[in-house]
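Each remark here refers to the structure printed beneath this line.
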Amino acid sequence: MPPQMAVSTSHIPDLGDPATFEQGLPCAAFDAIHAKGGFHWQPASLGVRNGGFWFVTNRDAIREMEMDHARFTATRGVALPYTGL
Numbered sequence: 126m127p128p129q130m131a132v133s134t135s136h137i138p139d140l141g142d143p144a145t146f147e148q149g150l151p152c153a154a155f156d157a158i159h160a161k162g163g164f165h166w167q168p169a170s171l172g173v174r175n176g177g178f179w180f181v182t183n184r185d186a187i188r189e190m191e192m193d194h195a196r197f198t199a200t201r202g203v204a205l206p207y208t209g210l
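So the sequence shown is numbered by my numbering: it starts at 126 and just counts up by one.
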């Protein structure tokens, strides 16, 4: 697997907050997450029980997730976002 590019994700807004999208898509944030590659933990304040959610950003990460059922599982339940909209 090629080395991952170092990308600053400190400017990524809370993508779980609908207010983030009021002015349109935060394309720069999506680009930074995608450039980082693999898995990205997104802290979120709305609609989550565990403080955030994961982005899976490329084919290799998706394959890893699909093949490793012990680490990537929904057997403990899922939490769908609820924003009250």
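We put the beta carbon where it would ideally sit given N, CA and C, even for glycine.
Per DSSP, the unbroken beta strand (DSSP E) holding residue 164 starts and ends at 164-168.
Put simply, of 192, 150, 155, 191 the residue whose alpha carbon is nearest the alpha carbon of residue 180 is 155. Look at residue 197 here: in three-state DSSP terms it is coil, with no helix or strand label. Residue 140 has its alpha-carbon roughly 12 Å from the corresponding atom of residue 176. Distance between residue 189 and residue 198, taken at the CA atoms: about 12 Å.
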